[in-house]
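Just so you know, we're using my numbering here: the sequence shown kicks off at 942 and counts up by one.
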Amino acid sequence: MNPNREYSIAIAAVREAAELCTNVQAQLENSSFQKKDRSPVTVADFGSQALVCSRLRASFPDDPIIAEENADVLRESGNKALSERVLREVLRLRGDATRDDILHWIDLGGAKEYSDRFWTLDPIDGTKGFLRGDQYAVALALIEAGKVVLSAVACPNLSVTQADSETGVLLAARKGDGTLIYRLSDMAVIGEARVSAHAEPASIRLCESVESMHTSHSGTGRVAGILGITTEPVRLDSQAKYAVVASGNAEMYLRLPSDRRYVENIWDHAGGSLLVEEAGGIVTDIHGNHLDFGLGYQLKNNRGVIVSNGQLHDRLLDAIQEAGID
Ligand code: AMP
Ligand code: MG
């Protein structure tokens, strides 16, 4: 690959999608819908996926894209108002798009199987946070030979430095090249992301999902107790948690299985995991195995996800075992 071309196109695509999401979040009424699995999807999930997939297809026509959404519900006659609203939001950024273009672009993200090179996209990660007016992310990653080699993650409601009072960041990483933090509003580089060096359990800052369906809050409590962590976990939605660890604002992100059968999807972790690794941190599952992006759209060989600044990772894995989590 030409690393600069992929990098600049990924960043531009994610930034444009984040702009659409910001517009939608500013006026949320009637913009969401329940999927078959009862999880919510919004005008912005569809619009974001349409924008990113169309850009990827224009620049890399042969690359498959494994993305979270598909256009089926927008094609249903009863959902005309929803699809009209998606079109309206996309037209604000792409003046010449049609309804058919949008349905087609969304479905470009329909790959499911593993291939030697593909993109994976979560058009809005943390939709529940998005609907609450809280954190969410647009997360894109390029996977080659089963490894994440590039990622761009926009967090429109996150700020990672005290100096910068403005909210909205985009973090981007290339394998072997580090992670950069950009200000989303003008894409000025804020700095290079580095994980914190804290290794003292008492002052470890830990984050986890807001949703108790997505992670075991009680499990986190037991693990924190075993490690001697005294601070309360910070709860936030989406891969913003990876950005918080990558930028040194927390030492750990725990995603302890809350459901026996649940298998994690690659788009929830590909982008974020490279941000942390390139900032000097470690990402594994609860058994200490690396995340295996070589199996299609799910992390079938992994269980839960554990992210840290690297200082206490082994002790963390031991504590998870001691807490009886598996
Ligand atoms: P978060 O914002 O960290 O709560 O993560 C949001 C993501 O959790 C969504 O994109 C879903 O794909 C994913 N998710 C849905 N159900 C579960 C579950 N039972 N366990 C873990 N993650 C889940
Ligand atoms: Mg997600």
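Heads up, the beta-carbon is just placed ideally off N, CA and C, and yes, glycines get one too.
- Inclusion of Val1217 and Arg1176 in the CB contact set at 8 Å is not warranted, their separation being larger than that value.
- For Val1094, the shortest separation between its Cβ and any heavy atom of the ligand AMP does not lie below 7 Å.
- With contact defined as three or more Cβ pairs closer than 8 Å, the stretch 1218-1238 and the stretch 1180-1197 are in contact.
- Under the 10 Å beta carbon count, Ser989 is surrounded by 16 or more other beta carbons and is classified as buried.
- The three-state reading of DSSP puts Thr1061 in strand, counting E and B together.
- In the structure shown, Phe1071 adopts helical secondary structure according to DSSP, grouped into three states.
- Placement of the Cβ of Asp1066 at a distance of less than 7 Å from at least one heavy atom of the ligand MG is found.
- Listed in chain order, the beta strand (DSSP E) elements of length 3 or more contained wholly in the stretch 964-1013 are 973-975, 981-983 and 1006-1008.
- Segment contact: the stretch 1054-1064 against the stretch 998-1010, three or more CB-CB distances shorter than 8 Å; contact assigned.
- Closest in C-alpha terms to Val1136, from the list Ile1043, Phe1071 and Ile1122, comes Ile1122.
- Using a C-beta cut-off of 8 Å, the stretch 1160-1173 makes no contact with the stretch 1200-1207, since fewer than three inter-stretch Cβ pairs fall below that distance.
- In terms of side-chain proximity, the C-beta atom of Glu1149 is found no nearer than 7 Å to any non-hydrogen atom of the ligand MG.
- In the DSSP annotation of this structure, the continuous segment of the beta strand (DSSP E) that includes Leu1081 starts and ends at Ala1078 to Glu1085.
- Assignment of beta-bridge partners to Gly1119 by DSSP yields Arg1115.
- Annotation for Asp1267 indicates a beta carbon at 7 Å or more from all heavy atoms of the ligand MG.
- The C-beta distance from Asp1066 to Ala1080 rounds to 5 Å, short enough to fall under 8 Å.
- Excluding five sequence positions before and after Ser1024, the CB atoms of its chain that fall closer than 6 Å to its own CB belong to Leu1015, given in chain order.
- Looking at the backbone, the Cα of Leu1028 and that of Phe1059 are separated by about 27 Å.
- The secondary-structure analysis by DSSP pairs Gln1239 across a beta bridge with Asn1206.
- For Tyr1203, the CB falls within less than 7 Å of some heavy atom of the ligand AMP.
- Per DSSP, Val1248 lies in no alpha helix (DSSP H) segment; the continuous beta strand (DSSP E) that holds it begins and ends at Val1246 to Ser1249.
- As DSSP reads the structure, Ile1223 sits in a beta bridge with Ser1249.
- Per DSSP, reduced to three states, the secondary structure at Ser1106 is coil, with no helix or strand assignment.
- Straight through space, the alpha carbons of Ile1207 and Leu1147 are spaced by roughly 22 Å.
- Judged by the Cβ position, Asp1063 qualifies as a neighbour of the ligand AMP at the 7 Å threshold, a heavy atom of the ligand being closer than this.
- In the DSSP assignment, Lys1088 falls within the unbroken beta strand (DSSP E) covering Lys1088 to Cys1096.
- Under the three-state reduction of DSSP output, Asp1259 falls in the helix class.
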